[in-house]
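J.: Quick one: structure below, then a few questions.
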Amino acid sequence: MASEALSKFRREAEDGDVNGGYFDDDDDDDLDAFTNGDVEGGCEDGVSDPGDPLSGEVKPRILLMGLRRSGKSSIQKVVFHKMSPNETLFLESTNKICREDVSSSSFVSFQIWDFPGQIDFFDPAFDYQMIFRGTGALIFVIDSQDDYVEALSRLHLTVTRAYRVNPEINFEVFIHKVDGLSDDHKIEKQGDIHKRANDDLADAGLEQIHLSFYLTSIYDHSIFEAFSKVVQKLIPQLPTLENLLNIFISNSGIEKAFLFDVVSKIYIATDSSPVDMQTYELCCDMIDVVIDISCIYGLTEDEGGSPYDKESMAIIHLNNTTVMYLKEVTKFLAMVCFLREESFERKGLIDYNFHCFKKAIQEVFDVRVKVQKNRKLLGQRRWSRLAAANGAVAVGNPH
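In our numbering, the protein residues as written are 11 to 409.
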């Protein structure tokens, strides 16, 4: 079923066009600190350069920036630590750079750096060029319930400097804390911030910089959907995954399918049809139900391990003749599908096609591992040649 998509992906991989540096299999965290000593992760005064050049694999960085009390740390805690939104009210203000590795699944692996609002990372004490050079996405959080004139000024300064260092950065603007606003007021705020931010870029002659805007709140699923869109931009294999999903649903009578990271509830891919917010919320609720019930009934007291494994599967019949079907894809990934009851009568066909899809995903993994090994070997050879050349120079020039 997926041979054409896999062949295309395999050709790209063998030509070296597939970026293998956005994923992580090892916990390769021997990082070099460049300001205030060794960085061990968590909250630190200094920042570090990510990774060994010979490892063939570097985690992309997502920077969380914004003014103080804009909600940056709350976003991180709710999305990646399952903290209740109400508990974030008791979080202390961040006063150091917090770096966290997110490696919850094979397709969701990156570093999040939470910058305190009061810190001036353009200060000479910080090598801001190094920070932006290794960055995949920059998320700037704006408090929609506050006066955002200063925030827009800081956004412009940050984006323009970051773009000069690394034009490949994805710039994302979270218009945050919109839960207290009416729908009309949300749209009005988004339009005003969008216009002002882009006008500032146009005045600076930087119309080529693209800003993506999202209305977010930690009290609903909007923050998870926004983070899903950000993370998807850091997945080079995304077109291949979308193509595989399109092939799967077209051959199975399925209306909509998502590929979810069950830990964070970020969807890393979906088919080409539009995403409905209510559908996404149902998927998140279904994942929660499966994990909760597995924790209660799926594990005995003597058993360890995860409540989510290769046997995980769930079927929910909604009252509008729609069926939700969840199946385990990998240790951390799940597919959640929506289809009509009459289509679900052909469950045998769906399960067979799903088996083919799962096998295709495994082939994507295999190609990725091959690319990473080739890059690591190539890096080692280059390093050896460089070392040999330096040795020859040293022998020829003893003084």
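Idealized CB from N, CA, C, for every residue including glycine. No experiment lies behind these values; they were computed from the predicted model shown.
According to DSSP, simplified to helix, strand and coil, what is ARG206?
T.: What you label residue 206 is simply residue 196 of the sequence shown in a count that begins at 1. Helix.
J.: Where does ILE360 sit, in a helix, a strand or coil, going by DSSP?
T.: Mapped onto the sequence shown, residue 360 falls at position 350. ILE360 falls in the helix class under three-state DSSP.
J.: Ignoring anything shorter than 4 residues, give me the alpha helix (DSSP H) runs that lie fully in the segment 163 to 223, in order along the chain.
T.: If we require 4 residues or more, the alpha helix (DSSP H) runs fully inside the segment 163 to 223 come out as 193 to 213.
J.: Relative to the C-alpha of PHE234, which candidate in LEU292, ILE197 and LYS205 has its C-alpha closest?
T.: For the purposes of this step, residue 234 is taken as residue 224 along the sequence shown, with counting starting at 1. That would be LEU292, whose Cα lies nearest to the Cα of PHE234.
J.: Express the C-alpha separation of LEU396 and ILE325 in angstroms, rounding to a whole number.
T.: Numbered from its first residue, the sequence shown carries residue 325 at position 315. Numbered from its first residue, the sequence shown carries residue 396 at position 386. Near 58 angstroms, if we compare the C-alpha coordinates of LEU396 and ILE325.
J.: In this structure, does DSSP put ASP48 in helix, strand or coil?
T.: The residue labelled residue 48 in the question sits at position 38 within the sequence shown. Below a pLDDT of 50, predicted positions are generally treated as unreliable, and ASP48, at 34, falls in that range; no measurement from the model is reported.
J.: Considering only C-alpha positions, which residue in the set GLN86, ASP137, LEU73 and LEU148 is nearest to TRP123?
T.: As a position in the sequence shown, residue 123 is number 113, starting the count at 1. TRP123 has its Cα closest to that of LEU73, out of GLN86, ASP137, LEU73 and LEU148.
J.: Is the beta carbon of ALA212 closer than 9 angstroms to that of THR226?
T.: Indexing the sequence shown from 1 puts residue 226 at position 216. Indexing the sequence shown from 1 puts residue 212 at position 202. Result no, Cβ atoms of THR226 and ALA212 do not sit closer than 9 angstroms.
J.: By Cβ distance, which residues of its chain are closer than 7 angstroms to SER262, with the 5 residues on each side in sequence left out?
T.: Position 252 of the sequence shown, counted from the first residue, corresponds to residue 262. Excluding positions up to five away in sequence, the list reads LEU359, ILE360 and ASN363.
J.: Does PHE100 get closer than 9 angstroms to chain B when you measure Cβ to Cβ?
T.: The question asks about chain B, but that chain is absent: this structure has only one protein chain.
J.: In three-state terms, what does DSSP make of LYS82?
T.: Within the sequence shown, residue 82 is the residue found at index 72, counting from 1. Reduced to three states, the DSSP call for LYS82 is helix.
J.: Mind checking whether ILE179 and ALA135 have CB atoms under 9 angstroms apart?
T.: By 1-based counting over the sequence shown, the position of residue 179 is 169. By 1-based counting over the sequence shown, the position of residue 135 is 125. No, the Cβ-Cβ distance between ILE179 and ALA135 is not below 9 angstroms.
J.: Would you kindly report the start and end of the unbroken alpha helix (DSSP H) that includes SER353?
T.: By one-based count along the sequence shown, residue 353 stands at place 343. 351 to 354 is the span of the alpha helix (DSSP H), which, as asked, contains SER353.
J.: Give me the Cα-Cα distance between ILE185 and VAL175, rounded to the nearest whole angstrom.
T.: Indexing the sequence shown from 1 puts residue 185 at position 175. Indexing the sequence shown from 1 puts residue 175 at position 165. Spanning the two alpha carbons is a distance of roughly 25 angstroms.
J.: Among ARG164, LYS386, VAL346 and SER84, which has the Cα closest to the Cα of ILE276?
T.: Here residue 276 is taken as the residue at index 266 of the sequence shown, counted from 1. Nearest option by C-alpha distance: VAL346.
J.: Short of 7 angstroms in beta carbon distance, which residues of its chain neighbour VAL89, apart from the five on each side in sequence? Order them along the chain.
T.: Stepping through the sequence shown from its first residue, residue 89 is reached at position 79. For VAL89, where only same-chain residues beyond five positions count, the Cβ hits under 7 angstroms are ILE233, PHE234, PHE237 and SER274.
J.: Identify the continuous beta strand (DSSP E) that holds LEU148 and give its terminal residues.
T.: Here residue 148 corresponds to residue number 138 of the sequence shown, with the count starting at 1. Looking at the DSSP string, the run of the beta strand (DSSP E) that includes LEU148 is 145 to 153.
J.: Is it a yes or a no for the segment 295 to 306 touching the segment 384 to 398, going by three-plus beta-carbon pairs under 8 angstroms?
T.: With the cut-off at 8 angstroms, the segment 295 to 306 and the segment 384 to 398 do not touch.
J.: Can you tell me whether ASP194 is buried or exposed, with buried defined as 16 or more other CB within 10 angstroms of its CB?
T.: To locate residue 194, count along the sequence shown from 1; it is residue 184. Exposed, because fewer than 16 other Cβ atoms sit within 10 Å of the Cβ of ASP194.
J.: Per the contact definition of three or more C-beta pairs closer than 8 angstroms, is the segment 202 to 210 in contact with the segment 154 to 169?
T.: A contact exists between the segment 154 to 169 and the segment 202 to 210.
J.: Could you pull out every residue in the same chain whose Cβ sits closer than 6 angstroms to the Cβ of TYR224, ignoring the five residues on either side in sequence?
T.: Within the sequence shown, residue 224 is the residue found at index 214, counting from 1. If we look at TYR224 and ignore the five residues flanking it on each side, its Cβ neighbours are PHE184 and ALA236.
J.: Do you know offhand how far LEU162's Cα is from GLY201's?
T.: Locating residue 162 in the sequence shown gives position 152, where the first residue counts as 1. Locating residue 201 in the sequence shown gives position 191, where the first residue counts as 1. So the alpha carbons of these two residues sit roughly 13 angstroms apart.
J.: Just confirm the distance between the C-beta atoms of VAL272 and VAL118, as a whole number of angstroms; I'd bet it's less than 8 angstroms.
T.: Counting from 1 along the sequence shown, the entry for residue 272 is found at position 262. Counting from 1 along the sequence shown, the entry for residue 118 is found at position 108. Their Cβ separation, rounded to whole angstroms, is 10 angstroms, which puts VAL272 and VAL118 out of contact at 8 angstroms.
J.: Quick test of your reading: PHE270 and LEU343, contact by CB under 8 angstroms. State the CB separation rounded to the nearest angstrom.
T.: For the purposes of this step, residue 270 is taken as the residue at position 260 of the sequence shown. For the purposes of this step, residue 343 is taken as the residue at position 333 of the sequence shown. 7 angstroms between Cβ atoms; contact.
J.: With burial defined as no fewer than 16 other Cβ atoms inside 10 Å of the residue's Cβ, what is the status of ASN253: buried or exposed?
T.: As a position in the sequence shown, residue 253 is number 243, starting the count at 1. ASN253 is buried by the Cβ-count criterion.
J.: Determine the burial state of SER83: buried for a count of at least 16 other Cβ atoms within 10 Å of its Cβ, exposed for fewer.
T.: Taking the first residue of the sequence shown as position 1, residue 83 is located at position 73. That one is buried.
J.: The alpha helix (DSSP H) that contains SER238, what's its start and end?
T.: In the sequence shown, residue 238 corresponds to position 228, counting from 1. First-last of the alpha helix (DSSP H) with SER238: 232 to 242.
J.: Take LYS368 and list the residues in its own chain whose beta-carbon comes closer than 7 angstroms to its own, dropping the five residues that flank it on each side.
T.: If you number the sequence shown from 1, residue 368 lands on position 358. Excluding residues within five positions, the ones whose Cβ falls inside 7 angstroms are VAL339.
J.: With DSSP as the reference, please indicate the residues paired to ASP111 in a beta bridge.
T.: Sequence index remark: in the sequence shown, residue 111 carries index 101 (1-based). Answer by DSSP bridge pairing, in chain order: GLN121.
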